[in-house]
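Contents: one structure, followed by commentary.
Residue numbers (this note's numbering), protein chains in the order written: chain A, 1 to 165; chain B, 1001 to 1703.
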């Protein structure tokens, strides 16, 4: 692609692993994840940063990845939904979301779970109001909100208990 | 068998082998025309089949929505997966069991009636034999009519599988990559059709050569007013399409528009047709109680845009689509492209949430058209968010008025209902029409059909326009309007959302005039014991919602409806607070959907229906500008957010001895009505133009 600059030797920490990215500076992180690195758990929703389906965690903060150029995450620590089910034990959020059957079509969930993880990593005992606030930029059209809130609270309780042990 | 009413899908697919197949290695697969749209129906279908065969649901494989393999059950729509598709499978599985046990009785030299099935094994007088029903089945011929052998088990045998069995598709939907958006077979390319800003638009000019030279573009083509773009990546096709959109000269038809949505609908040409009439309805007079309500055009608004993949190979077209009706889509595509239906196969594959006739079929046709220009290569199409708002069919705007007369005892003597609306059904293959938006702009165009809507009893615009209440003199009329430039089709509940809202506002108004409790007034006009039970239950269970209301700002209201007057009963209480806008603090619902196959699945559908109906009723409105849909992004179309979600409680009245009714669409009208009633309760005024935004409430308060 003639009008895009190649990214030379760029690395990111992706789900705990140093990863070299042979993408393009101005390509949104979402496209790099899905099309270049083959991590397709993160969803394309609107391409405008307005629905939250593509939410990932960058250095502990939940951000939309469809409007985030790759160059902005050079050297950063990135977590995607795949980190919840990586080898070893499933993350409490992954267990809770299935235990609560907290979805209908499931398309919005990866983004919502990343927004929730960013919160629970900081505040595992976050109140219901804090959880709602953290998820407020993520849209769900099927109306699974109540189950999602229940699942995030449940995961938070599990994480709090683990911390206290 | 006699005395059993035949599930409708068995008429078109009468044989056991149409529905179930047994293979080597003890495999059992069901074949269903119903498709999983995120509603959990396939989990319930597996349970219904498993119970009849004494197997675990996990033992049952599912092939769904495949034109080459499954029965054609029409569209997966209307909350009928369990009540129709599930009953067909239950009957077919029971017939298979009968044949298997007959064979087993010969093998065991045992009395047929002493045999049963459990855990795959054949039991004699409750004791395990060494026969597995699947080993017997694999050698039997099931190309025999289901109804010759069907003997569905009684309710005591249902739900041997857990009534809260988790959804079988859910882990993959959340943590996997099952969506068409995720497909990436070898050699796949990315395609988009450049969609114009409005229906009836003609392409004047676009520099195709310059477009073809954009980064990553493989090929472009023009056919009439259709421009197709093929590119090597999703990013490239997106960028090229955006580039083209900003440089295309379109000729957009003129449509002067002014005034309110009510004016728009009232002025539109249409013929008023009486669709239901009993007794004699008096003319309007000073004693009449009247309500007129309206709703705006609504967007389906799935979080993932419509997507499809298609490939042409050796003159044959293969399509993957999240359509609700793969057979109907196949017929429509064949008609437009001049193909034999035998040369097209379509398989259902997951998309984002589906609430009716969205852009799925159009995206599939776009992919087919693009694939024709790249033979041998799979072409994937993912629409833009703009296409979702502007190109996909909308839920129809409507206006419904209802007028009633009461006698001196405060009893309803008559009601006159008029529904004014664009059609709610314009699906592919309906009445032989293609109804594919890109086909309307080809050099040999195939226009969208003028839809006749759906007739009662299920109804389209007039769905639930016939009040569920006892009213001796009743007239219901429908005025379909066709000359509005916005594309409409089926969205969850169709006319039921506004019609139930209108009728319930009328009941509230009548109750207020007679000074009676609104629930008591409704009960006085209801004979159906199941309807009465639902309302009585919601009033007693939801007592706390009605207590300690702050006068002037807080209110609690009731909404009731029976979906299509034949499906699930839903009684809803909503407690609201009015300040800057309406906020709902608590919703309690009582739902009677007959036999409940999967309790958690039903609750999930009902909860989702409640929240989506709240969102429509309080917030949603597609913006119009002349002939254009002016809504372009989520910022123009706010939907319910996490911070706005109320406490929700749901009670199911389980009736294991009566047929399942389907519940997915039952909430839209009753929830809207409960919120409208609560607002009336809080402010003493009725606000009847949806959505119930602050501006509309202020306007009504000042009127």
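Where is the CB? At the ideal position from N, CA and C, for every residue including glycine. Remember, predicted model here, so these are calculated numbers, not experimental data.
Rounded to whole angstroms, what is the Cα-Cα separation between residue i and residue j?
i                      : j                      : result
residue 20 (chain A)   : residue 76 (chain A)   : 12 Å
residue 1174 (chain B) : residue 1040 (chain B) : 14 Å
residue 1093 (chain B) : residue 1597 (chain B) : 16 Å
residue 1561 (chain B) : residue 1085 (chain B) : 24 Å
residue 1101 (chain B) : residue 1009 (chain B) : 25 Å
residue 1482 (chain B) : residue 1448 (chain B) : 11 Å
residue 1236 (chain B) : residue 1581 (chain B) : 43 Å
residue 1052 (chain B) : residue 1154 (chain B) : 10 Å
residue 162 (chain A)  : residue 13 (chain A)   : 25 Å
residue 143 (chain A)  : residue 1649 (chain B) : 14 Å
residue 1533 (chain B) : residue 1288 (chain B) : 30 Å
residue 155 (chain A)  : residue 93 (chain A)   : 5 Å
residue 1666 (chain B) : residue 1346 (chain B) : 30 Å
residue 84 (chain A)   : residue 95 (chain A)   : 9 Å
residue 1152 (chain B) : residue 1539 (chain B) : 36 Å
residue 1544 (chain B) : residue 1652 (chain B) : 19 Å
residue 1644 (chain B) : residue 1019 (chain B) : 44 Å
residue 1163 (chain B) : residue 147 (chain A)  : 18 Å
So what does residue i bridge to, in DSSP terms?
i                      : result
residue 1221 (chain B) : B:1228
residue 1532 (chain B) : None; residue 1532 (chain B) has no bridge partner.
residue 1193 (chain B) : B:1228
residue 1022 (chain B) : B:1028
residue 1059 (chain B) : In the DSSP output, where bridge partners are listed per residue, residue 1059 (chain B) has none listed.
residue 1116 (chain B) : B:1123
residue 12 (chain A)   : A:19
residue 1312 (chain B) : B:1317
residue 1575 (chain B) : B:1556, B:1586
residue 61 (chain A)   : A:58
residue 69 (chain A)   : A:28
residue 1569 (chain B) : B:1562, B:1592
residue 1629 (chain B) : B:1624
Since residue i is in the alpha helix (DSSP H), which residue starts that stretch and which ends it?
i                      : result
residue 117 (chain A)  : 109-122
residue 1607 (chain B) : 1599-1619
residue 1149 (chain B) : 1146-1149
residue 88 (chain A)   : From DSSP, residue 88 (chain A) is part of no alpha helix (DSSP H); its letter is neither H nor E.
residue 1105 (chain B) : 1087-1108
Note down, in chain order, each residue of its chain lying with its Cβ closer than 8 Å to the Cβ of residue i, except the 5 sequence neighbours on either side.
i                      : result
residue 72 (chain A)   : 29
residue 1187 (chain B) : 1376, 1377, 1378
residue 1431 (chain B) : 1449, 1451, 1452
residue 1014 (chain B) : 1145, 1146, 1147
residue 1277 (chain B) : 1474, 1475, 1476
Taking the continuous beta strand (DSSP E) assigned at residue i, which residues delimit it?
i                      : result
residue 1554 (chain B) : 1554-1562
residue 1676 (chain B) : Here residue 1676 (chain B) belongs to no beta strand (DSSP E); instead the alpha helix (DSSP H) covers 1668-1683.
residue 1403 (chain B) : 1398-1406
residue 1277 (chain B) : 1270-1278
residue 1416 (chain B) : 1412-1421
residue 1291 (chain B) : 1289-1295
residue 1348 (chain B) : 1344-1348
Excluding the 5 residues preceding and the 5 following residue i in the sequence, name in chain order all residues of the same chain whose CB lies nearer than 6 Å to its CB.
i                      : result
residue 1125 (chain B) : 1114
residue 37 (chain A)   : none
residue 1478 (chain B) : 1273, 1275, 1419, 1461, 1462
residue 1143 (chain B) : 1015, 1017
residue 1441 (chain B) : 1224, 1225, 1226
residue 44 (chain A)   : none
Can you give me the Cβ contacts of residue i inside the same chain, cut-off strictly under 7 Å, excluding the 5 residues immediately before and after it?
i                      : result
residue 1042 (chain B) : 1036, 1062, 1064, 1168, 1169
residue 1460 (chain B) : 1423, 1424, 1425, 1453, 1454, 1494, 1495
Quiz prompt | the region 1244-1254 of chain B / the region 1191-1207 of chain B touching (three or more Cβ pairs under 8 Å) | solution = yes
Quiz item: Are there three or more Cβ pairs, one per stretch, closer than 8 Å when the region 1389-1404 of chain B is compared with the region 1217-1230 of chain B?
Solution: no
Exercise. Flag this pair as touching only if the region 60-70 of chain A and the region 113-130 of chain A have three or more C-beta atom pairs under 8 Å; answer yes or no.
Key: yes
Quiz item: Are at least three pairs of beta-carbons, each pair with one atom in the region 1482-1499 of chain B and one in the region 1652-1662 of chain B, less than 8 Å apart?
Solution: no
Quiz item: So, do the region 1298-1305 of chain B and the region 88-108 of chain A have three or more beta carbon pairs nearer to each other than 8 Å?
Solution: yes
Quiz item: Does the region 1624-1632 of chain B touch the region 119-138 of chain A, meaning 3 or more C-beta pairs lie closer than 8 Å?
Solution: no
Quiz item: Quick one: any contact between the region 1416-1431 of chain B and the region 1522-1535 of chain B, if contact means 3 or more CB pairs under 8 Å?
Solution: no
Quiz item: Does the region 1562-1578 of chain B touch the region 1635-1644 of chain B, meaning 3 or more C-beta pairs lie closer than 8 Å?
Solution: no
Practice problem: Count the CB pairs spanning the region 1309-1322 of chain B and the region 1347-1364 of chain B that are closer than 8 Å, and state whether there are at least three. | Solution: yes
Quiz item: Touch check for the region 1610-1622 of chain B and the region 1640-1657 of chain B: three-plus C-beta pairs under 8 Å?
Solution: yes
Quiz item: Contact between the region 1255-1271 of chain B and the region 1432-1447 of chain B: three or more CB pairs below 8 Å?
Solution: no
Exercise. Kindly confirm or deny that the region 1512-1522 of chain B and the region 1305-1319 of chain B touch, where touching means at least three C-beta pairs closer than 8 Å.
Key: no
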